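Participant: Below you'll find the structure I mean.
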Amino acid sequence: MAVAETQLYAKVSNKQRSRSTSVLLESLLAKGFPAHIAQKALAATGQKTVEEAAKWLHSHCNDPSLEDPIPQEYALYLCPTGCLNNYLLEFWKESKRQCGKNRAHEVFPHITLCDFFTCEDQKVELLYDTLKRVGESFSLRFPPSVSLLLHSSTSYLGFFIDDKHANILKEFAQAFSSEASAVADCHVKPCLKQLHLTLSHKFYPHHQKTLEQLAKCINPEETCQWVAALYSRDMRFVHYQTLRALFQYKPQNIDELMISAGDFIYVDPTEQSDVSKGWVIGTSHRTGCRGFLPENYTERANESDTWVKHREYVFVTASRLFTQTENETNVKTNGEVQSPSMLRSLTKMSQNATLRRGLLVMRHGERVDQVFGKSWLQQCLTADGKYYRADLNFPSTLPKRKDSMKHFEYDPPLSCCGIFQSRLIGEALLDQEVTVSYVYSSPALRCIQTAQHILQGLKLDQKVKIRVEPGLFEWTKWEASRVIPSFMTVTELVEASYKIDASYRGNFPLSSLVPSESYEEYVSRSSAVIKQIITACPSKGVILIVGHGSSLASFTRPLIGLPTRDSKDFAQVVRKIPSLGMCFCEELTEENRWQMVNPPVTTLTHGANAAFNWRNAIVED
31 MAVAETQLYA
41 KVSNKQRSRS
51 TSVLLESLLA
61 KGFPAHIAQK
71 ALAATGQKTV
81 EEAAKWLHSH
91 CNDPSLEDPI
101 PQEYALYLCP
111 TGCLNNYLLE
121 FWKESKRQCG
131 KNRAHEVFPH
141 ITLCDFFTCE
151 DQKVELLYDT
161 LKRVGESFSL
171 RFPPSVSLLL
181 HSSTSYLGFF
191 IDDKHANILK
201 EFAQAFSSEA
211 SAVADCHVKP
221 CLKQLHLTLS
231 HKFYPHHQKT
241 LEQLAKCINP
251 EETCQWVAAL
261 YSRDMRFVHY
271 QTLRALFQYK
281 PQNIDELMIS
291 AGDFIYVDPT
301 EQSDVSKGWV
311 IGTSHRTGCR
321 GFLPENYTER
331 ANESDTWVKH
341 REYVFVTASR
351 LFTQTENETN
361 VKTNGEVQSP
371 SMLRSLTKMS
381 QNATLRRGLL
391 VMRHGERVDQ
401 VFGKSWLQQC
411 LTADGKYYRA
421 DLNFPSTLPK
431 RKDSMKHFEY
441 DPPLSCCGIF
451 QSRLIGEALL
461 DQEVTVSYVY
471 SSPALRCIQT
481 AQHILQGLKL
491 DQKVKIRVEP
501 GLFEWTKWEA
511 SRVIPSFMTV
521 TELVEASYKI
531 DASYRGNFPL
541 SSLVPSESYE
551 EYVSRSSAVI
561 KQIITACPSK
571 GVILIVGHGS
581 SLASFTRPLI
591 GLPTRDSKDF
601 AQVVRKIPSL
611 GMCFCEELTE
621 ENRWQMVNPP
631 VTTLTHGANA
641 AFNWRNAIVE
651 D
């Protein structure tokens with residue numbers, strides 16, 4: 031393609047398709063919005079359309095910071111598109127599945143050209159003009175392909191840009207920085223150090239080898255069109271966590287936050303220590319309002335999910351316009367055109383055909399005293415000591431035990447919702463074709479019932495029996511009675527039709543559980559028990575452990591080689607683990623170690639359902 035044609039293509043592809051900012055501003059002013067508020071709305075929405083800006087203004091009508099002259103922060107990134115980007119996104123997905131989320135997952139694949147800087151709302155359009163002018167001046171100098179060299183360390187994995195190409199990109203960043211600083215009266219600092227495209231950052235050192243293997247499946251020479259893109263973010267929430275609402279929530283009190291499914295909420299971790307259990311306080315990205323909301327209505331989002339793309343310049347080189355894979359037939363998968371070579375690499379990256387040993391550690395389902403309080407048993411006993419169902423969420427019956435029924439007070443059963451939750455998890459595991467080979471349970475009745483109903487959901491209740499392991503019981507310091515509960519015996523459990531392995535002898539005798547044990551004693555017990563269980567289960571497949579909120583960290587961290595948490599941090603983590611919360615580890619036999627990966631099923635989230643008195647609500651005034 032001729033040089034003149036290449037320039038023309040670049041100009042056409044980067045032509046502004048939206049109306050100019052002045053026209054957008056005039057339209058908002060005509061609707062009666064003040065100029066500074068209208069400019070703020072345009073900056074917050076990327077100055078794309080009047081409709082988007084007007085919608086933002088209506089959503090923020092109760093935003094207490096609407097009048098505050100706080101500008102957005104802007105950054106200039108060089109982003110890959112095409113086949114290379116598909117490789118990178120597949121790496122993002124697979125690395126998160128196998129090694130968990132790390133710092134790199136917070137942002138999309140990119141090379142930072144100019145780090146975040148502030149710009150007054152009324153001058154943002156000058157940044158757009160600068161990007162276009164500087165992009166056009168560098169379009170002929172931009173390299174046909176950017177040379178990427180893989181670099182790895184114990185906390186960083188990514189591609190370094192070859193010096194020859196990096197120098198051109200640095201000159202581009204310097205030119206944008208100089209002109210933007212001059213015309214928009216802002217301080218723009220170009221990145222002049224080693225340019226890089228981060229793959230993983232701040233990961234656990236024992237994940238390094240796995241991440242390197244995944245990175246080698248990326249072909250850095252694949253077809254790629256590079257785009258210089260200008261992004262913005264709200265500078266007030268830079269160090270906050272970003273949550274995504276899963277469900278709608280309507281406030282019950284004046285200090286609560288209205289959220290809709292898909293909303294993003296900014297949460298300051300330093301403000302959560304005094305918040306009631308199960309709640310967080312945050313600020314809505316959509317409305318700017320602040321308030322309390324139920325934590326189980328949300329999930330963690332990525333930092334860049336709330337960023338706004340303003341403008342971009344597409345670097346189109348002559349070689350890229352005709353160097354398509356002419357000798358390979360492209361295949362379309364999931365709406366993306368991919369070459370056979372790429373499909374082979376992606377298949378290699380995600381392939382996990384060999385059945386490995388896995389460890390699925392799970393908290394029990396909803397316990398009856400979690401809903402009805404510690405005095406739940408008093409609510410459903412008649413004067414002569416017989417059990418009756420005072421609410422539909424109480425179990426229909428209680429299993430028979432030889433000692434007093436009052437022992438259920440410290441060894442409570444599941445609620446009916448807890449039974450349903452457990453069976454639902456079992457059915458989900460069945461749908462995912464999870465092969466459960468062994469099941470271990472804490473001696474607590476709620477854990478045994480959870481294991482039983484999970485097996486029923488898996489349709490394995492006639493094939494796999496539950497091994498009751500006293501060493502799996504929770505940290506005894508947290509027992510309200512300050513004594514070890516009187517658990518049902520194996521004989522009683524079998525007689526009550528629970529599928530118990532009566533021949534199993536626990537690694538940690540029940541008599542060895544110490545009331546109010548120290549944190550160090552609990553950690554030592556947990557570490558010893560999990561190692562003994564792993565040794566006793568050599569067959570491939572999943573080992574299911576049903577325990578308590580404390581079980582998730584205390585059984586998995588020793589297995590994957592992580593140090594023990596401080597007892598205060600440990601308690602903070604445990605209090606946030608919901609019913610049926612779970613984590614999953616898989617064995618890497620060839621490396622003689624275990625790694626934590628995403629659980630085989632998604633989380634189970636639901637809202638509260640308060641008791642209802644029809645007489646008070648409907649009849650009485």
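For reference, each letter of the sequence shown is one residue, going 31 to 651 in our numbering. A virtual CB, placed ideally from N, CA and C, is assigned to each residue, including glycine. Note that the structure is predicted; figures quoted are calculated from it, not measured.
Once DSSP output is grouped into helix, strand and coil, what is the label at cysteine 221?
Facilitator: Residue state, collapsed to three classes: coil.
Participant: Report the three-state DSSP secondary structure of histidine 135 (helix, strand or coil).
Facilitator: Here histidine 135 sits in helix by DSSP.
Participant: Suppose only complete runs of 3+ residues qualify. What are the beta strand (DSSP E) ranges in the stretch 93 to 129, listed by chain order?
Facilitator: Within the stretch 93 to 129, the complete beta strand (DSSP E) runs of at least 3 residues are 102 to 111.
Participant: Considering just the uninterrupted stretch of the alpha helix (DSSP H) at threonine 313, what are its terminal residues?
Facilitator: Segment 309 to 314 is the beta strand (DSSP E) holding threonine 313; no alpha helix (DSSP H) there.
Participant: Can you look up phenylalanine 642 in the DSSP assignment and give me helix, strand or coil?
Facilitator: Of the three classes helix, strand and coil, the one that applies to phenylalanine 642 here is coil, per DSSP.
Participant: Which one of Leu610, Asn622, Asn643 has the shortest CA to CA distance from histidine 237?
Facilitator: Considering only alpha carbons, the answer is Asn622.
Participant: When the Cα of isoleucine 563 is compared with those of Glu209, Pro429, Arg330, Tyr470, which residue comes out closest?
Facilitator: When only C-alpha atoms are compared, the closest one is Tyr470.
Participant: DSSP beta-bridge partners for alanine 258?
Facilitator: Per DSSP, Leu108, Tyr343.
Participant: At the level of alpha carbons, what is the spacing between isoleucine 191 and alanine 134?
Facilitator: The straight-line gap from Cα to Cα measures roughly 17 angstroms.
Participant: Just to confirm my understanding: we take valine 464, look at its own chain, exclude 5 residues before and 5 after, and list those with CB closer than 7 angstroms. What are they?
Facilitator: Around valine 464: Val572, Pro630.
Participant: Would you kindly report the start and end of the unbroken alpha helix (DSSP H) that includes glycine 188?
Facilitator: That residue, glycine 188, is in no alpha helix (DSSP H); its beta strand (DSSP E) goes 186 to 191.
Participant: Distance, Cα to Cα, alanine 84 vs alanine 71?
Facilitator: Their backbone Cα atoms lie some 8 angstroms apart in a straight line.
Participant: Report yes if the C-beta distance between glutamine 451 and leucine 582 is below 7 angstroms; otherwise report no.
Facilitator: Contact: no.
Participant: Could you say if the stretch 331 to 345 and the stretch 243 to 262 meet the contact criterion of at least three C-beta pairs nearer than 8 angstroms?
Facilitator: The answer is yes - the stretch 243 to 262 touches the stretch 331 to 345, with three or more Cβ pairs under 8 angstroms.
Participant: Could you tell me the alpha carbon to alpha carbon distance between glutamate 82 and arginine 316, rounded to whole angstroms?
Facilitator: Roughly 12 angstroms separates the two Cα atoms.
Participant: Report the CB separation of glycine 415 from methionine 435 in whole angstroms; it is logged as a contact under 8 angstroms.
Facilitator: Rounded, the Cβ-Cβ distance is 7 angstroms, consistent with contact.
Participant: By DSSP, does aspartate 145 sit in helix, in strand, or in coil?
Facilitator: Strand.
Participant: With distances taken between CB atoms, is the gap from leucine 244 to phenylalanine 121 smaller than 7 angstroms?
Facilitator: Against a cut-off of 7 angstroms, the Cβ pair of phenylalanine 121 and leucine 244 comes out as a contact.
Participant: Taking the alpha helix (DSSP H) that phenylalanine 585 falls in, what are its first and last residues?
Facilitator: Looking at the DSSP string, the run of the alpha helix (DSSP H) that includes phenylalanine 585 is 581 to 590.
Participant: For leucine 24, which residues in the same chain have their Cβ closer than 6 angstroms to its Cβ, ignoring the five residues on either side in sequence?
Facilitator: Here the chain covers residues 31 to 651 and nothing more, so residue 24 does not appear.
Participant: Could you tell me which of Arg431, Cys109, Glu251 sits nearest to alanine 526, measuring between CA atoms?
Facilitator: The residue with the shortest Cα to Cα distance from alanine 526 is Arg431.
Participant: Which two residues bound the contiguous beta strand (DSSP E) that contains cysteine 613?
Facilitator: Start and end: 612 to 618.
Participant: Would a check of beta-carbon distances place leucine 276 closer than 7 angstroms to chain D?
Facilitator: Of the protein chains in the structure, only one exists, and it is not chain D.
Participant: What's the C-alpha gap between valine 401 and leucine 574?
Facilitator: Those two C-alpha atoms are separated by around 26 angstroms.
Participant: Tell me, please, which residues DSSP counts as bridged to threonine 272.
Facilitator: Note: threonine 272 sits in a beta bridge opposite Tyr296.
Participant: Buried or exposed for arginine 341, going by 16 or more other Cβ atoms inside 10 Å?
Facilitator: So arginine 341 ends up on the buried side.
Participant: Do you know how far the Cα of aspartate 441 is from the Cα of histidine 181?
Facilitator: Between histidine 181 and aspartate 441, the C-alpha separation is close to 54 angstroms.
Participant: Starting from the Cα of isoleucine 284, find the closest Cα among Val603, Thr300, Arg320, Asp421 and give me that residue.
Facilitator: Among Val603, Thr300, Arg320, Asp421, the Cα nearest to that of isoleucine 284 belongs to Arg320.
Participant: Taking 8 angstroms as the threshold, find out whether the stretch 204 to 218 comes into contact with the stretch 141 to 150 through three or more Cβ pairs.
Facilitator: Counting Cβ pairs under 8 angstroms, three or more are found: they touch.
Participant: For glutamate 504, which of Leu475, Ala532, His483 has the nearest alpha-carbon?
Facilitator: Considering only alpha carbons, the answer is Leu475.
Participant: Per DSSP, which one or two residues make a beta bridge with glutamate 286?
Facilitator: Looking at the DSSP assignment, glutamate 286 forms a beta bridge with Phe322.
Participant: According to DSSP, is glycine 456 part of a helix, a strand, or is it coil?
Facilitator: Helix at glycine 456.
Participant: With respect to the alpha helix (DSSP H) encompassing tyrosine 549, which residues constitute its N-terminal and C-terminal limits?
Facilitator: Residues 549 to 566.
Participant: Buried or exposed, going by whether 16 or more other CB atoms sit within 10 Å of the CB of asparagine 92?
Facilitator: With fewer than 16 other Cβ atoms within 10 Å, it is exposed.
Participant: Taking glycine 165 as part of the alpha helix (DSSP H), name the residues at either end of that continuous run.
Facilitator: Unbroken alpha helix (DSSP H) run through glycine 165: 154 to 168.
Participant: Based on Cα-Cα distance, which residue from Asp304, Pro235, Phe172 lies nearest to phenylalanine 322?
Facilitator: Phenylalanine 322 has its Cα closest to that of Asp304, out of Asp304, Pro235, Phe172.
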